[in-house]
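Numbering-wise, UniProt numbering puts 11 at position 11 of the sequence shown, and it's gapless, one number per residue. C-beta: ideal position from N, C-alpha, C; glycine also. Accompanying notes for the structure given below.
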Amino acid sequence: MTTLITGATGNVGRLLVADLVARGVDLRALSRDPTKAALPDGVEVAEGDLSSAGGAVFDGVDTAFVFPADEGVDGFVERALDAGVQRFVVLSSLAVSERNARDGGSATAAHHRAVEHAVTSRTDAHIILRPGNFATNLLFWAFPIRSGYPVRIPYPTSSQVLIHEADVAAAAAEALSSPDSFGPIVELTGPASLTKIEQLGAISAAISREIPHIEIGPDEFRADMAQYMPSGIVEMLLRYWSETVDEPEVPLHSQLPEALASRIGGGTPLARWAQDHRSDFTG
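Here you go:
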């Protein structure tokens, strides 16, 4: 039988596909443009997205990895079930967790709650993965660092727990390969809470040079982002960072199956993530 991967060309998806290929899993990846997918040899690439997938996309598929797309998840799950797909592994967010009250009312939580509901309301054969904040969010700093500009940082002493996307891909691969060893919900974060200055320090160590930074206030950040980011997202970030100055995020982990725990332990350190992404910060 075949495993269908949506979001196959994203940060998590590419690593997930590579992991499953190494295991010898028969894969089909969904991509809007198969000619640009650049996935490993032997991976069948079907054209489409969650809104349009149907028919032959589901032929022979018994398991699907569900990426939390902005739209189309409900219809995708309906069509998948009608076509005989038996199990779903869903990429959600820790924002949905009852243990993460800070984010419970956010737009991120609302979106991922709807993604989860699209699956859980239709079938019990699911595993929900809820990762915390991705370290890839730090790629926002890549341009100024590559260019030698100071990184402009609001709330530099705020502390977050950042997860390596490889840990999320590893969890997804294990869930798809050995579903019986998982509970219905798996929560994952990075291993430690680090201030923004410490996060910058991890990147600095990886590229072997000091990175200058400037502390800026909320209004300066709003002005910086006015052309690039919706105001609602800007305000959500500022609120999040301000709250994590005095109340730092803490690592949250579900009890992990032995095979997954042996791979990622309590989470990959940010220093390793920075090494893995060194080229993003050096050009």
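Tell me, to the nearest whole angstrom, how far the beta carbon of residue i is from that of residue j; I am working on the premise that it is less than 8 Å.
i           : j           : result
residue 153 : residue 215 : 6 Å
residue 195 : residue 158 : 7 Å
residue 202 : residue 271 : 5 Å
residue 251 : residue 197 : Wrong, their Cβ atoms sit about 19 Å apart, outside the cutoff.
residue 187 : residue 106 : Not really, about 16 Å apart at Cβ, beyond 8 Å.
residue 249 : residue 193 : 5 Å
residue 39  : residue 3   : Wrong, their Cβ atoms sit about 13 Å apart, outside the cutoff.
residue 199 : residue 138 : 6 Å
residue 179 : residue 127 : 6 Å
residue 85  : residue 50  : 13 Å between Cβ atoms; not a contact.
residue 54  : residue 79  : 5 Å
residue 243 : residue 102 : 6 Å
residue 47  : residue 34  : 5 Å
residue 151 : residue 133 : Contact flag wrong, Cβ pair sits at about 18 Å.
Alpha helix (DSSP H) containing residue i: first to last residue?
i           : result
residue 280 : 278-282
residue 79  : 73-82
residue 220 : 218-225
residue 37  : Residue 37 -> no alpha helix (DSSP H), and no H or E assigned at all.
Does any heavy atom of the ligand HEM sit closer than 6 Å to the C-beta of residue i?
i           : result
residue 117 : The ligand HEM is not part of this structure, which contains no ligands at all.
Is the distance from the Cβ of residue i to the Cβ of residue j below 7 Å?
i           : j           : result
residue 281 : residue 145 : yes
residue 167 : residue 267 : yes
residue 61  : residue 90  : no
residue 25  : residue 37  : no
residue 257 : residue 181 : yes
residue 29  : residue 5   : yes
residue 16  : residue 135 : no
residue 88  : residue 119 : yes
residue 93  : residue 112 : yes
residue 260 : residue 174 : yes
residue 114 : residue 206 : no
residue 95  : residue 83  : no
residue 163 : residue 189 : yes
residue 165 : residue 43  : no
residue 269 : residue 191 : yes
residue 9   : residue 31  : yes
Can you tell me which of the three DSSP states residue i falls into?
i           : result
residue 69  : coil
residue 209 : coil
residue 8   : coil
residue 234 : helix
residue 59  : coil
residue 53  : coil
Where do the ends of the beta strand (DSSP E) carrying residue i lie?
i           : result
residue 31  : 27-31
residue 154 : 151-154
Segments of 4+ residues assigned as alpha helix (DSSP H) that fall wholly inside the segment 164-203
165-177
Where are the alpha helix (DSSP H) runs, 4 residues long or more, that stay fully inside the segment 238-274, in chain order?
Those alpha helix (DSSP H) runs which fall completely within the segment 238-274 and span 4+ residues are 258-264.
Point to revise | Inside the segment 86-148 only - alpha helix (DSSP H) runs reaching at least 4 residues | key: 107-120, 142-147
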